[in-house]
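Student:
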Amino acid sequence: MRPKTVTVDAVTDTVPSLDALHALRPVQQPVYDDPEAVDKVLGQLRSLPPLVFAGECDDLKAKLAEAAQGRAFILQGGDCAETFDAVTASSIRGRLRVLLSMAVVLTYAAEVPVVKIGRIAGQFAKPRSAEWETRGDVTLPAYRGDAVNGFDFTVEARRNDPGRLLQVYNASAATLNLVRAFTKGGFADLRSMHSWNADFVRTAHVSARYEQITAEIDRALAFMIACGVEDDAFRTVDFYASHEALLIDYEHALTRIDSRTASAYNVGGHLLWIGDRTRQLDGAHVELMKALRNPLGVKVGPSASPADVVALVEALDPDHEPGRLTLICRMGASQVRSALPPIIEAVEATGRKVCWVCDPMHGNTFSSANGYKTRSFADVTEEVDGFFDVHASLGTWPGGIHVELTGDDVTECVGGVGELKEEDLAHRYETLCDPRLNRTQSLELAFMVADRLSAMERRPMDFVGMDF
Ligand code: PEP
Ligand code: CO
592 MRPKTVTVDA VTDTVPSLDA LHALRPVQQP VYDDPEAVDK VLGQLRSLPP
642 LVFAGECDDL KAKLAEAAQG RAFILQGGDC AETFDAVTAS SIRGRLRVLL
692 SMAVVLTYAA EVPVVKIGRI AGQFAKPRSA EWETRGDVTL PAYRGDAVNG
742 FDFTVEARRN DPGRLLQVYN ASAATLNLVR AFTKGGFADL RSMHSWNADF
792 VRTAHVSARY EQITAEIDRA LAFMIACGVE DDAFRTVDFY ASHEALLIDY
842 EHALTRIDSR TASAYNVGGH LLWIGDRTRQ LDGAHVELMK ALRNPLGVKV
892 GPSASPADVV ALVEALDPDH EPGRLTLICR MGASQVRSAL PPIIEAVEAT
942 GRKVCWVCDP MHGNTFSSAN GYKTRSFADV TEEVDGFFDV HASLGTWPGG
992 IHVELTGDDV TECVGGVGEL KEEDLAHRYE TLCDPRLNRT QSLELAFMVA
1042 DRLSAMERRP MDFVGMDF
């Protein structure tokens, strides 16, 4: 008989066992028909090397602490659901390019350091509101993301396959490897930023404004380099990976004890967040996240009461640690002005400084007349406006935005400068889950946010130690 898989960096009593987590009956988990196959996969995952280094998670936490204290702004974005098929150079490059372009717009136009975080390299599992999907007279299990089953509407594809968890690890590793190469190897050099969007239609308002910014930055950089400023500072970018920690088995298997500090970190991503559907105070997701030293996010939707949110921040941030918690609020355009203030006030009253991030996507989804799950760009900007107004009236810092976007010119959200109509949605509707902003819409949002930030009376005071 072969020996049982040896687990290296085994987790200790500081982390609840997988059995203990399952005893809490976690919601939104796939049921597999072969438990032995699951055990085998988890054993393999436990022995694989970390995807990120715990020290990088600490660096991100330090940057988030700046954002929590009003000295930086968070840009978190990427796919709703990553797919194995989109682990290609062009797809990864496209997503990175749009995020870096948005970051430059925010940094330059609003003069705010930007903490850059992708919904990338691990965002493969989805919570679903319905267990089943019916098409015509056929009903099959819902698609739960490439981490769990396949998107094709067949019995075979929709079967939960634990082998996919290994594919998640490999796809995340390949993605992160290219992201690191691009952000540290020269692609992200500020001096080449005009080429990132060189294929834009020249006449569009957004591209004209982007061109103007790149020209100004080029001149400023040339000046600084002529003055003797080290040009290495413009060559590389710090970029972090995040995903929703949905699958308890996978996230537990990617938890390791950091040899430097003897503390537990999830090494499958720098920041993990708990979704709006899985944030039960006594649930397995909160229990696992409590044990990790990574910076954490929690999605906060309109069903959360101020007391619920206070209980969550107390459980997840008992030490009032700056940068530990990011509350990603997704109230919807119509509710943000009424639902957000009591939550901010209640959390502020605990004495903590958390990062307040606006997700203007998830509270604004609707079905178009022609049957597409979509969002309106006007609702997205309306929620962002409401978020800034609420913070302005409370004197708190609007710490960032969280968006679903892609580098491609898809047609999934209506509106924006391109005035995308419902009848245009069919043209390039490619998402397997929620509708994403396309590249132009994303940049347009960045300009809108930059305008709001630069109009604020309160300015970030301390840029020291932050990259662009
Ligand atoms: C998501 O971010 O894709 C998601 C499912 O969000 P929420 O948990 O806020 O519904
Ligand atoms: Co989504």
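Under my numbering, think of the first position of the sequence shown as 592, with each following residue one higher.
For every residue, glycine included, the Cβ atom is placed at its ideal position computed from N, Cα and C.
(1) Which residue from Lys707, Pro933, His834, Arg928 puts its Cα closest to that of Ile865?
(2) Glu1003: beta carbon under 7 Å from a heavy atom of the ligand CO?
(3) Compare the C-alpha of Phe773 against each of Leu691, Val739, Leu845 and name the closest.
(4) The ligand PEP and Arg868: does the residue's C-beta get closer than 7 Å to at least one heavy atom of that ligand?
(5) To which residues does DSSP link Thr725 through a beta bridge?
(6) Please work out which residues of its chain come closer than 7 Å, Cβ to Cβ, to Val678, disregarding the five sequence neighbours upstream and downstream, and give them in chain order.
(7) Starting from the N-terminal end, write out each residue whose C-beta falls within a distance shorter than 5 Å of any non-hydrogen atom of the ligand CO.
(8) Whose CA, out of Leu642, Ser720, Pro913, lies closest to the CA of Glu657?
(9) When you compare each of Pro753, Leu756, Met815, Val770 to Arg782 by their alpha carbons, which one comes out closest?
(10) List the whole-angstrom C-beta distance separating Leu916 from Asp910, where the pair is believed to meet the contact cut-off of C-beta under 8 Å.
(11) Starting from Lys631, follow the alpha helix (DSSP H) in both directions and report where the run begins and ends.
(12) Taking 7 Å as the cut-off, is the beta-carbon of Glu973 closer than that to any non-hydrogen atom of the ligand PEP?
(13) Less than 7 Å separating the Cβ of Glu1013 from some heavy atom of the ligand PEP?
(14) Using CA coordinates, which residue listed in His613, Ala824, Gly991 is at the minimum distance from Ala1132?
(15) Is the segment 976-989 touching the segment 1026-1036, taking contact as three or more C-beta pairs under 8 Å?
(16) Assess contact between the segment 863-882 and the segment 604-622, defined as three or more Cβ pairs (one per stretch) separated by less than 8 Å. Is contact present?
(17) So what's Cys648 in DSSP terms, helix, strand or just coil?
(18) Quick one, are the C-beta atoms of Val927 and Val938 less than 8 Å apart?
(19) If we count Cβ pairs, one from each stretch, closer than 8 Å, do we get three or more for the segment 842-853 versus the segment 682-698?
(20) By the 10 Å Cβ neighbour count, where 16 or more other Cβ atoms means buried, how is His982 classified, buried or exposed?
(21) For the alpha helix (DSSP H) containing Tyr760, list its first residue and its last residue.
(22) Are three or more beta carbon pairs between the segment 692-710 and the segment 652-667 nearer than 8 Å?
(23) Nearer than 7 Å: is that true of the beta carbon of Ala718 relative to any heavy atom of the ligand PEP?
(24) For Val948, I'd like the list of residues in its chain whose CB is within less than 8 Å of its CB, leaving aside the five on either flank, ordered along the chain.
(25) Roughly how many angstroms lie between the CA atoms of Leu642 and Gly859, to the nearest whole one?
(26) Any idea if Lys717 is buried or exposed, counting beta-carbon neighbours within 10 angstroms, 16 or more meaning buried?
(27) I need the straight-line Cα distance from Leu756 to Asp829, nearest angstrom please.
Tutor: If we stick to the structure as given:
(1) Nearest option by C-alpha distance: His834.
(2) no
(3) Leu691
(4) yes
(5) Thr730
(6) Ala762, Ala765, Thr766
(7) Cys671, Asp1025
(8) Of Leu642, Ser720, Pro913, the residue nearest in Cα terms is Pro913.
(9) Minimum Cα distance to Arg782 is reached at Met815.
(10) Actually they are not in contact, since the Cβ atoms of Leu916 and Asp910 sit about 11 Å apart, beyond 8 Å.
(11) 626-638
(12) no
(13) Remark: the C-beta of Glu1013 is outside contact range of the ligand PEP, defined as less than 7 Å to any heavy atom.
(14) This structure cannot speak to residue 1132, because the chain is shown only from 592 to 1059.
(15) The segment 976-989 is not in contact with the segment 1026-1036.
(16) yes
(17) helix
(18) no
(19) no
(20) buried
(21) Residue range 754-776 is occupied by the alpha helix (DSSP H) that includes Tyr760.
(22) yes
(23) Reading off the sequence shown, one finds Pro at residue 718, where the question assumed Ala. Yes, the Cβ of Pro718 comes within 7 Å of a heavy atom of the ligand PEP.
(24) Hits under 8 Å: Ile665, Gln667, Gly888, Thr917, Leu918, Ile919, Cys920, Gly990, Gly991, Ile992, His993.
(25) Distance between Leu642 and Gly859, taken at the CA atoms: about 5 Å.
(26) buried
(27) 27 Å
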